[in-house]
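Residue numbers (this note's numbering): 2 to 473.
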């Protein structure tokens, strides 16, 4: 079967915007909530609520911007112009959020967070969709999304190096605002550079023109796509786990493990371990399949995270080892699910004749953000409930409850995500069969209407056990 291929240079250039994207996403989960709750003087409950509501804002904006990305191409393609347009939105919002002038109100935080998420949604959906459309090959899709995840993690531990250095060189009072400002400038400078290189060096392959089907019928098809439902549930669970540990980590390392001066450095170790682990997960996915590799990675994370319970407190090297072991699994779930989603989109394309990549990835982006929102919105009020004090002294009972929350909740959701994806039926052979059906339909039956395409996908589902619903 004739399939287009992209070069390593093009894949690498495509992934470059992942560096500032992740450098923006990490502080939103790890640094901005405690910064606004401690340095800016807002209560933990208010901060948790604002960050949760800002994430849920994307429940509405993600599908809308995904559909816009699909339906309004330009002469430069379907995705690249939207990525360029997102840059000024992100730069302005990042400046206001990372370099605020105190005192700030909850309205200031909420307003700029909502604007930030519009730009972030636009760039992430367009970038993921662009990557999915670069290749039709089962394993090459894993490589493309794996490189993207590789650079995402590179951006995370690079931006983390800034607060780690500042922690060692600054006094405690000045360190907070200085760390946040340094991360903000890192994002503002890198966004236009990486976006420019990506859109210059990496192509977009033209998509076949197609007639739009009514939106009501399109949403009915999406709602009945059981494989899509499994991917979205798995993505929600996969994102809840690191969002819980991420939102609690600074407090955990500083107060529970008694290592406040090493918190950012040890978090940097965690992301370096994830960075090193990505190539191994890519290779495993080529051998064992994407869904089984995902399940293995989640079980590994659920086993290694609770080891921290047995570590002595105040000991740098023990937490260094713990973060290294647990960090190896970081990133595996994210890039594998995005590669799996590209395969699921093939089913929709066979059924509808439409390339709705942006819409599908907007749903995936939405579940990731909802998972992060739930993590902050649930855990920060729980900190108030157990009477945790970020700026004062906490009782041993409070710290023990903190530890239990830190390890138990993520381990449970990681095991649940592994259970959801272990027997996922869309493997390499099934995806190859889908591609053959699509080529036959496009090459031989290009003039047939949507009802015949629906019949074709029903035949695929019956033969391969992938789509177990009647034709629309």
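Glycine is no exception: its CB is placed at the ideal position from the N, C-alpha and C atoms.
Query, Result
"Looking at the unbroken alpha helix (DSSP H) that takes in residue 380, where does it start and where does it end?", "358-386"
"Would you list the one or two residues that DSSP bridges to residue 75?", "78"
"Short check: CB of residue 123 to CB of residue 25, under 9 Å?", "no"
"Given this structure, state the Cα-to-Cα distance separating residue 312 from residue 320, to the nearest angstrom.", "7 Å"
"Per DSSP, what kind of secondary structure is residue 149 in: helix, strand or coil?", "helix"
"What's the C-alpha gap between residue 155 and residue 276?", "6 Å"
"From residue 191 to residue 20, what distance separates their C-alpha atoms?", "8 Å"
"Determine the direct distance from the alpha carbon of residue 440 to that of residue 188, and round the result to whole angstroms.", "42 Å"
"Counting only the same chain and skipping the five closest in sequence on each side, list residues whose C-beta sits under 6 Å from that of residue 131.", "80"
"Report the rounded CA-to-CA distance for residue 318 versus residue 271, giving the unit in angstroms.", "13 Å"
"Whose CA, out of 355, 415, 391, 260, lies closest to the CA of residue 238?", "415"
"List the whole-angstrom C-beta distance separating residue 359 from residue 68, where the pair is believed to meet the contact cut-off of C-beta under 8 Å.", "7 Å"
"Once you ignore the five residues that flank residue 212 on each side, which residues in its own chain have a CB closer than 7 Å to its CB?", "Below a pLDDT of 50, predicted positions are generally treated as unreliable, and residue 212, at 49, falls in that range; no measurement from the model is reported."
"Could you compute how far the alpha carbon of residue 302 sits from the alpha carbon of residue 87?", "34 Å"
"If distances are taken between C-alpha atoms only, which option among 151, 111, 365, 289 comes closest to residue 235?", "365"
"Look at the Cβ atom of residue 101, then the Cβ atom of residue 53, and state whether they are nearer than 9 Å.", "no"
"Report, in whole angstroms, the separation of the C-beta atoms of residue 298 and residue 288, which I expect to be a contact under 8 Å.", "Between residue 288 and residue 298 the Cβ distance is about 14 Å, and since that is not below 8 Å, they are no contact."
"Kindly indicate which three-state DSSP category residue 355 falls into: helix, strand or coil?", "coil"
"Which residues in the same chain as residue 340 place their Cβ atom closer than 7 Å to its Cβ, once the five residues preceding and following it in sequence are excluded?", "142, 143, 146, 291"
"Assuming residue 47 contacts residue 251 (C-beta within less than 8 Å), just tell me the rounded distance between them.", "The Cβ separation is near 18 Å, so there is no contact."
"When burial is assigned at 16 or more other CB atoms within 10 Å of the CB, is residue 398 buried or exposed?", "exposed"
"Count the other CB atoms, across all protein chains shown, that sit within 10 Å of the CB of residue 349; report buried if there are 16 or more and exposed otherwise.", "buried"
"Have a look at residue 186 and residue 93 and give me their C-alpha separation to the nearest angstrom.", "11 Å"
"Can you tell me where the alpha helix (DSSP H) holding residue 306 begins and where it ends?", "First-last for residue 306: undefined, no H or E at that position."
"To the nearest angstrom, report how far apart residue 328 and residue 149 are at their CA atoms.", "17 Å"
"Relative to the C-alpha of residue 307, which residue among 182, 405, 203, 135 is closest?", "405"
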